[in-house]
Amino acid sequence: MSDFLHPTEGEYIQHHLDHLQLNLHTWKIGPTTGFWTLNLDTLIVSILVGLLFFLLFRSVAKKVSIDAPSKLQNFVEMIIEFVSQLVKEVFHGKSKLIAPLALTIFVWVFVLNTLDLLPVDLIPKYLWYFGVDDFRFVATDDPNLTFALSLTVFCLIIFYNFKVKGFFGLGKEVFFHPFGIWLFPLNFIFRMIEECVKPLSLSLRLFGNMFAGELIFILIALLPWWIQWTVGGIWSVFHILVISIQAFIFMMLTIIYLSMAHESSH
Amino acid sequence: MELTQYVAQVQSFTAIGAALLICVAAIGTAIGFGILGGKFLESVARQPELSPMLMMRMFLMAGLIDAFAAISVAVGLLLIFGKNPLLLEVVNVAAQKIG
């Protein structure tokens with residue numbers, strides 16, 4: 019990108035769709051392809067936001083007081099109660115993992131989504147002055163991040179399926195339901211499809227929503243400056259709804275899938 | 011000249027494909043949202059005390075329905091405004107032919 023300040027339309031959009039990438043073969047930063055590539059911008063933003071969330075909640079938990087709760091403490095308690103209420107409603111067993119996992123997913127995804135509301139040029143432009151060509155600061159519109167999240171949930175689902183039901187219990191459920199023992203290949207295929215669709219739909223849902231939102235923000239940024247606020251304002255208000263619902267759904271489906279893994283439905 | 015024709019053909023089909031992607035998904039989502047909102051209002055009218063719980067579930071369902079439309083909008087916009095892989099193939103073949 020030779021001229022950041024006056025690109026053509028196509029260049030402008032393409033520039034906003036490029037990641038800051040690190041090639042692990044040559045250890046060079048720049049646009050590359052292939053498997054051994056790290057998207058540095060996604061990693062940096064998501065780790066920073068994650069650390070911020072953990073340190074903030076930890077400091078509140080350390081300074082917790084019953085007599086004179088601070089406003090921050092009230093806020094954090096509100097989020098935690100909201101999540102724990104949902105987990106209690108859906109998940110009936112005992113688990114030390116699900117509620118913290120749900121809280122982490124909810125807050126993390128929500129904050130990463132909220133970065134979408136920042137102006138599309140704000141951070142990339144400042145970084146461009148420091149010699150960084152491409153930087154996408156909305157980490158959730160990178161499919162790598164959403165797939166990482168959903169595959170982690172997928173591994174947990176498989177783990178708890180085996181742990182709670184045992185090898186034979188799970189085998190019975192996979193092979194003998196829903197059509198009975200004589201159609202066991204069909205049962206097995208149905209179950210496999212059902213399981214494999216879970217991580218796919220979980221990650222593609224988040225990615226699709228955030229990517230469409232970001233792309234529309236980029237298109238709005240191409241309009242003349244005096245008209246941007248009308249379309250941009252409407253889309254921003256709508257997008258506030260979308261980002262909170264998507265974070266909520268990701269958390270909710272994680273809880274539902276894990277509770278399905280804990281109790282045999284048949 | 012022939013190359014221009016090919017490029018134009020790929021571009022026009024891509025535009026039609028992307029428009030279909032976006033509009034069919036939008037039709038499905040619109041019908042889904044209509045049914046969802048209608049049922050929600052019906053059940054709230056029947057049992058108003060359940061409305062907070064139903065509202066939350068309605069938004070959950072709204073997000074689930076919304077996903078397909080959002081994914082197809084993203085893919086459609088990417089085909090139109092981003093790098094079009096179908097067109098790239100034509101250009102690559104043409105570059106080989108020309109040498």
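Residue numbers (my numbering), protein chains in the order written: chain A, 19 to 284; chain B, 11 to 109. For glycine and all other residues, C-beta sits at the position ideal for the given N, C-alpha and C.
Can you grab the Cα-Cα spacing for the pair P49 (chain A) / L38 (chain A), in whole Å?
7 angstroms
Listed by chain order, chain B residues near G226 (chain A) by CB distance under 7 angstroms
A77, A80, I81 and A84
Along chain A, in chain order, which residues have C-beta atoms closer than 9 angstroms to that of F91 (chain B)?
E27, G28, I31, Q32, L35, L233, I236 and L237
Every unbroken alpha helix (DSSP H) within the region 122-168 of chain A, with a cutoff of 4 residues, ordered by chain
140-147
Where D36 (chain A) and V156 (chain A) are concerned, what is the direct C-alpha to C-alpha distance, given to the nearest angstrom?
12 angstroms
Could you give the DSSP three-state label for F266 (chain A): helix, strand or coil?
helix
Which residues, taken in chain order from the region 242-268 of chain A, show a beta carbon closer than 8 angstroms to some beta carbon of chain B?
V260, I263, Q264, F266 and I267
Output the distance between the C-alpha atoms of R76 (chain A) and L70 (chain A), rounded to the nearest integer angstrom.
10 angstroms
Pairwise C-alpha distance: I98 (chain A) and N92 (chain A)
10 angstroms
Exposed or buried, what is H257 (chain A) when buried is set at 16 or more other beta-carbons lying within 10 Å of its beta-carbon?
buried
So with Cβ pairs under 8 angstroms, would you call A230 (chain A) a contact of chain B?
yes
Going by C-alpha distance, which of A:L222, A:L224, A:S168 and A:H33 is nearest K143 (chain A)?
A:H33
Reducing DSSP to helix, strand and coil, say where I258 (chain A) ends up.
helix
Tell me whether the beta-carbon of G226 (chain A) lies closer than 8 angstroms to the beta-carbon of A80 (chain B).
yes
DSSP state of L46 (chain B) mapped onto helix, strand, coil
helix
Would you identify the three-state DSSP class for L241 (chain A), choosing helix, strand or coil?
coil
Would you mind reading off the limits of the alpha helix (DSSP H) that contains T60 (chain A)?
L58 to K80
Can you tell me whether L38 (chain A) is helix, strand or coil according to DSSP?
coil
Using beta-carbon positions only, say whether R94 (chain B) and T14 (chain B) come within less than 8 angstroms of one another.
According to the sequence displayed, residue 94 (chain B) carries Asn and not Arg. Not closer than 8 angstroms, so no.
Can you pull out the residues from the region 25-37 of chain B whose beta carbon lies closer than 8 angstroms to at least one beta carbon of chain A?
none
Could you please tell me which residues of the region 203-226 of chain A, in chain order, have their CB closer than 9 angstroms to any CB of chain C?
In summary, chain C is missing from the structure at hand, where the protein chains are A and B.
Assign T44 (chain A) to one of three DSSP states: helix, strand, or coil.
coil
Closest Cβ-Cβ distance between M278 (chain A) and chain B: below 8 angstroms?
no
Counting only beta-carbon atoms, is M270 (chain A) nearer than 8 angstroms to chain B?
yes
Three-state secondary structure (DSSP) at T55 (chain A)?
strand
Scan the region 61-76 of chain B for residues whose Cβ lies nearer than 8 angstroms to a Cβ of chain A and list them as they occur along the chain.
F69, L70, A72, G73, L74 and D76
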